[in-house]
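The structure under discussion appears below in the form of structure tokens.
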Amino acid sequence: MLSRVERGPVADWFWTIDRLFLAAFLALIGIGFMLSFAASPPVAERLGLDSFHFVKRHAFFLAPALVTMFAVSFLAPRQVRRLAIVILAVSIVAMVMALFFGVEVKGSRRWISVAGLSIQPSEFMKPAFVIICAWLFSERSRHPEIPGNLFAIILFCIVAALLVAQPDLGQTMLTTAIWGGMFFMAGMSWFWIMLLGGLAIAGFISAYFVFSHVAERINGFLMKGGDTFQVDTAREAIIRGDWFGQGPGEGTIKRILPDSHTDFVFSVAAEEFGILFCMVLTLLFAFIVIRGLNKAGKLQDEFSRLAVAGLSLLIGFQSFINIGVNLELLPAKGMTLPMISYGGSSMIAVALTAGFLLALTRQSPETRARRTTSRRSLIPMRPEQA
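First residue of the sequence shown? That's 1 in the UniProt record's numbering, and the numbers climb one at a time after it.
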């Protein structure tokens with residue numbers, strides 16, 4: 001056990017990290033690995049692969065994900081910004097390359113192949129985008145001569161245009177919601193909020209008429225028509241699971257659910273482990289979001305405040321969309337459940353998000369010294385010390 005008076009990078013990290021945050025992230029990662037045993041074998045068998053093919057790949061990606069989360073959590077806020085700039089620049093370049101040289105899947109070009117691995121650059125773009133936008137918004141108040149808001153708007157337009165070009169309307173909506181929330185928290189005037197909000201609504205309405213698959217999904221959701229096989233099957237799995245589930249490995253509906261290991265792993269969890277288990281899983285995500293927003297409200301540095309709030313919203317909105325689709329509360333959209341679903345890019349990118357959150361919510365040296373001093377003052381002195 002590390003002593004509170006011990007000095008060094010590891011000791012400082014251990015006593016300044018938010019251990020409840022860390023425990024929640026590790027719990028979700030562990031649950032995700034456990035659910036890979038339940039959700040992925042049927043998919044592998046349908047593809048003619050070894051039953052535990054995706055389980056092994058999930059385990060393979062766990063190591064770099066954990067290393068990423070712990071390594072990034074050691075960084076100071078200035079180092080977080082520098083790393084985010086590099087990741088954002090590389091991600092944007094990779095997203096452009098994906099449009100021309102990427103792997104096309106179901107009509108979308110979102111992936112690039114590197115050394116036999118498919119990488120989705122937009123997953124890594126999201127946490128870096130949040131960090132850089134938080135920095136740009138905070139610079140406006142610190143240096144009014146720097147048009148931080150204008151740069152943030154230009155950056156958002158670039159990212160949104162690349163996502164629409166893929167096309168990936170779900171990620172576009174997610175990015176827009178997070179950016180809009182940060183824009184609001186940065187103290188922008190209601191004129192700009194209403195103007196940009198109106199433009200966002202107009203953009204989503206345009207997507208309905210421009211992209212046929214968007215119209216089909218929305219029409220299917222509203223009028224219960226078209227191809228709704230996955231969401232209907234997911235609903236059946238949840239209903240069959242009841243409160244306590246069918247038991248590990250006893251699920252049957254998951255065997256006909258095409259994306260049971262990615263977008264619909266929540267339904268598999270409900271079928272085998274029950275609705276109560278899913279409620280606990282949902283509460284873990286809620287805990288991360290609420291604690292993140294609470295931490296953000298107590299931070300004095302505006303950059304850290306906006307970044308922590310934005311990263312918390314990123315995890316919250318993404319999990320909300322995934323769970324909402326599984327429960328048929330939202331139109332179908334291919335989006336992974338953070339730290340739970342199978343996917344190398346998604347897993348490492350969410351670990352990067354968690355690392356950023358842990359780094360930015362660490363206690364400052366001044367706060368740690370003040371708390372250590374206050375604790376020592378409460379310890380009664382021995383007679384020989386008096």
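By construction, the Cβ of each residue, glycine as well, lies at the ideal position given by its N, Cα and C atoms.
Asked, Found
"Rounded to the nearest angstrom, what separates P42 and L62 at their Cα positions?", "21 Å"
"Can you have a look at A386 and say buried or exposed, based on whether 16 or more other CB atoms are within 10 angstroms of its CB?", "With a pLDDT of 44 at A386, under the threshold of 50, the modelled position of this residue cannot be trusted; read the value that follows with caution. Exposed: under 16 other Cβ atoms inside 10 Å."
"Have a look at the DSSP bridge pairing and note the partners of S118.", "S113"
"Does the separation of the CB atoms of F356 and V72 fall below 8 Å?", "yes"
"Using 8 Å as the threshold, is the C-beta distance between I132 and I85 below it?", "yes"
"Give the straight-line distance between the Cα atoms of L174 and M182, rounded to the nearest whole angstrom.", "13 Å"
"Please list the segments of the beta strand (DSSP E) lying wholly inside the segment 278-363, counting only runs of 3 or more residues, in order along the chain.", "none"
"Could you tell me which residues DSSP pairs with S260 in its beta bridges?", "Answer by DSSP bridge pairing: none, since S260 is not bridged."
"When the distance is taken between beta carbons, is V265 closer than 8 Å to S341?", "yes"
"Quick one: Cα of D263 to Cα of S36, how far?", "12 Å"
"Would you check whether the ligand FAD has a heavy atom nearer than 7 Å to the C-beta of V130?", "As far as ligands go, the structure on display features none, and thus does not contain the ligand FAD."
"Under DSSP, the alpha helix (DSSP H) around E272 begins and ends at which residues?", "V265 to F273"
"Under 8 Å, with one C-beta from each stretch per pair, do the segment 238-250 and the segment 211-222 reach the 3-pair mark?", "no"
"Compute the Euclidean distance between the alpha carbons of L222 and I239, then round it to the nearest angstrom.", "21 Å"
"According to DSSP, is E145 helix, strand or coil?", "coil"
"What is the C-beta distance between L28 and L284, in whole angstroms, given that I count them as a contact (C-beta under 8 Å)?", "6 Å"
"Spatial neighbours of M185 within its chain, please: CB distance less than 7 Å, with the 5 preceding and 5 following residues excluded, ordered by chain position.", "L306 and A309"
"Which class does E104 belong to by DSSP, given the choice of helix, strand or coil?", "strand"
"Which two residues bound the contiguous alpha helix (DSSP H) that contains A38?", "R19 to A39"
"Ends of the alpha helix (DSSP H) at T233?", "F229 to G241"
"For G220, does the three-state DSSP call read helix, strand or coil?", "helix"
"Give me the Cα-Cα distance between L378 and W15, rounded to the nearest whole angstrom.", "Summary for L378: the model assigns pLDDT 49, below 50, so the residue's position carries little reliability, and this model does not support an answer."
"Going by C-alpha distance, which of R235, S312, S345 and L313 is nearest I275?", "R235"
"Using 10 angstroms around the beta-carbon of C278, count the other beta-carbons present and answer buried if the total reaches 16, otherwise exposed.", "buried"
"Contact defined as beta carbons within less than 8 Å: I believe P77 pairs with S304. What is the distance between those atoms, to the nearest angstrom?", "6 Å"
"Going along the chain, which residues of its own chain have a beta-carbon closer than 6 Å to the beta-carbon of P338, five neighbours each way excluded?", "I315, Q318, S319 and V350"
"Between L117, P167, Y208 and A89, which has its C-alpha nearest P127's C-alpha?", "A89"
"Excluding sequence positions up to five away, which residues of its chain have a Cβ less than 6 Å from the Cβ of A38?", "V268 and E272"
"How many angstroms separate the CA atom of L117 from the CA atom of W111?", "10 Å"
"Nearest to R109 by CA position, among Q166, L150, N149 and R82, is which residue?", "Q166"
"For the segment 43-91, list the alpha helix (DSSP H) runs that are entirely contained and at least 4 residues long, ordered along the chain.", "53-73"
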